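Q: Got a structure here, written out as structure tokens. Questions coming.
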Amino acid sequence: MNILLWHVHGSWTTAFVHGKHRYLVPVTPDRGPYGLGRARTYQWPDTVDEVTPEELAGADVDLVILQRPEEIDLVTEWLGRRVGRDLPAIFVEHNTPKEGNVPNSRHPLADRDDLLIAHVTHFNALYWDTGSTRTTVVEHGIVAPTAHYTGELDRLAVVVNEPVRRWRVTGTDLLPLFAEIAPLDVFGMGVAGLPDRLGLPADRLAVYDDLPQHRMQAEIARRRAYLHLCRWTSLGLSLIEAMSMGMPVVVLAATEAVEAVPPEAGALSTRLDTLLAATRQLVEEPDTARQLGGRARDATQARYGLDRFLTDWDRLLEEELCASR
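For the sequence shown, our numbering gives the first residue as 265, with consecutive numbering after it.
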């Protein structure tokens with residue numbers, strides 16, 4: 265198929281475009297949010313083609329993957345085709361509800377008969393009220409990292425985007441508690457202002473802003489353990505990637521993490537004292553950390569492998585294309 269999709273979430277898109285199709289990704293001169301084009305910090309195959317809005321007007325598109333409601337109007341404007349009428353569409357919902365009266369959060373695309381909503385976690389599907397709109401769940405999959413866990417540094421790795429702005433959502437306020445046990449290395453986008461905001465010295469907190477994926481994974485794998493302290497986000501793919509590399513993890517038991525992380529992979533709890541004690545043990549006992557990381561790797565490869573992910577998506581894409589004919 266020729267599939268149109270916007271570059272929104274780098275890790276998810278990286279897995280998705282490793283399928284057997286041709287992927288058309290809009291690009292604009294400013295490479296803004298609706299024309300970001302091909303990824304620069306992820307490795308994408310040659311089957312991903314950048315297309316301008318002008319080129320899309322005459323492009324051969326079989327199906328569109330939507331990820332933001334406003335993309336529906338862009339399909340009409342750029343392709344001259346109506347979503348769900350002239351062109352089959354699947355809306356991928358990446359997020360937990362952010363606005364509204366949770367758990368009564370009404371999805372912006374509720375009660376539509378022209379598309380399918382595909383949630384990336386069962387938790388998200390449970391908490392969004394989508395009315396009569398058809399829904400399904402296709403769980404995450406990842407491209408297997410080339411890095412492998414060594415844990416040689418008695419430091420803790422965290423991957424989070426915009427930790428200052430998102431603050432309690434991403435558990436940023438909890439980081440100083442863990443920095444008392446071991447130095448933190450925080451990777452992601454918009455992390456530069458974090459040391460000043462937390463007031464932590466350089467020997468307790470270092471930040472690495474927007475590294476290419478392969479470099480970031482190689483660095484993370486050298487740290488003793490991975491911290492995931494998000495209170496209210498969808499399942500972080502960096503957490504799954506860390507587990508896949510054989511890293512032990514310390515995870516706040518919230519949202520989909522309670523399904524994705526087996527207790528034997530490290531520590532999973534809503535109790536901070538439990539998480540802090542587990543972190544201290546992992547730092548002080550490298551052999552224990554290595555054993556738990558091996559269990560994390562086995563569990564993740566079985567559930568979040570790329571082959572399963574692409575097989576699930578191929579089945580869904582074919583069903584939607586056939587249903588539209």
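Beta carbons are placed, not taken as given, at the ideal position from N, Cα and C, and that holds for glycine.
Source: prediction; values computed, not measured.
#1: Just the Cα atoms here: how many angstroms apart are L351 and L448?
#2: Is the distance from the Cβ of G454 to the Cβ of E426 below 7 Å?
#3: Which whole-angstrom value is the C-beta distance of V325 and L288, which I expect to be below 8 Å?
#4: Suppose you measure from the CA of E363 to the CA of F355; what does that come to, to the nearest Å?
#5: What span of residues does the alpha helix (DSSP H) with Y391 cover, start to end?
#6: For H492, which of helix, strand or coil comes out of DSSP?
#7: Under 8 Å by Cβ, that's how I've got L499 and A521 pegged, so tell me the actual separation to the nearest angstrom.
#8: Identify, in the order they occur along the chain, each residue of the same chain with its Cβ nearer than 6 Å to the Cβ of V401, setting aside the five sequence neighbours on each side.
#9: Pick out the complete alpha helix (DSSP H) segments inside the segment 528-570, 4 residues or longer, and give them in chain order.
#10: Got a sec? Which residues, its chain only, sit under 6 Å from L300 by beta carbon, not counting five neighbours each side?
#11: For a test of the three-state rule: what should DSSP assign to D437, helix, strand or coil?
#12: Starting from the C-beta of V281, find all residues in its chain whose C-beta is less than 6 Å away, skip the five residues before and the five after it, and write them out in chain order.
#13: Is L536 buried or exposed, if buried means 16 or more other CB atoms sit within 10 Å of its CB?
#14: Roughly how many angstroms lie between the CA atoms of T399 and I381, to the nearest whole one?
#15: For L417, which residues in the same chain have their Cβ closer than 6 Å to its Cβ, ignoring the five residues on either side in sequence?
#16: Restricting to Cα atoms, I'd like to know which of P361, L420 and I329 is closest to P512.
#17: Between which two residues does the alpha helix (DSSP H) containing P297 stretch?
#18: Going straight from the alpha carbon of V547 to that of E583, what length do you get?
#19: Report the rounded CA-to-CA distance for P476 versus V291, giving the unit in angstroms.
#20: Going by the CB atoms, is the gap between A443 and L458 shorter than 7 Å?
#21: Please list the terminal residues of the continuous alpha helix (DSSP H) segment that includes T316.
#22: What is the DSSP secondary structure of P459, counted as helix, strand or coil?
#23: Would Y298 pass as a contact of T278 if the rule is Cβ separation under 7 Å?
#24: Within 8 Å, do at least three Cβ pairs link the segment 572-580 to the segment 427-440?
#25: Residues bridged to R370 by DSSP?
#26: With a threshold of 6 Å on Cβ separation, who are the neighbours of L320 within its own chain once the five nearest residues in sequence on each side are excluded?
A: Taking the structure as given:
#1: 47 Å
#2: yes
#3: 7 Å
#4: 18 Å
#5: H386 to Y391
#6: strand
#7: 7 Å
#8: H383, H386 and A389
#9: 536-548 and 550-567
#10: H271
#11: helix
#12: Y287, W308 and V312
#13: exposed
#14: 5 Å
#15: R486 and R487
#16: L420
#17: Where P297 is concerned, there is no enclosing alpha helix (DSSP H), given that its DSSP letter is neither H nor E.
#18: 48 Å
#19: 20 Å
#20: no
#21: Element bounds for T316: n/a, residue is neither H nor E.
#22: helix
#23: no
#24: no
#25: D393
#26: W342 and L343
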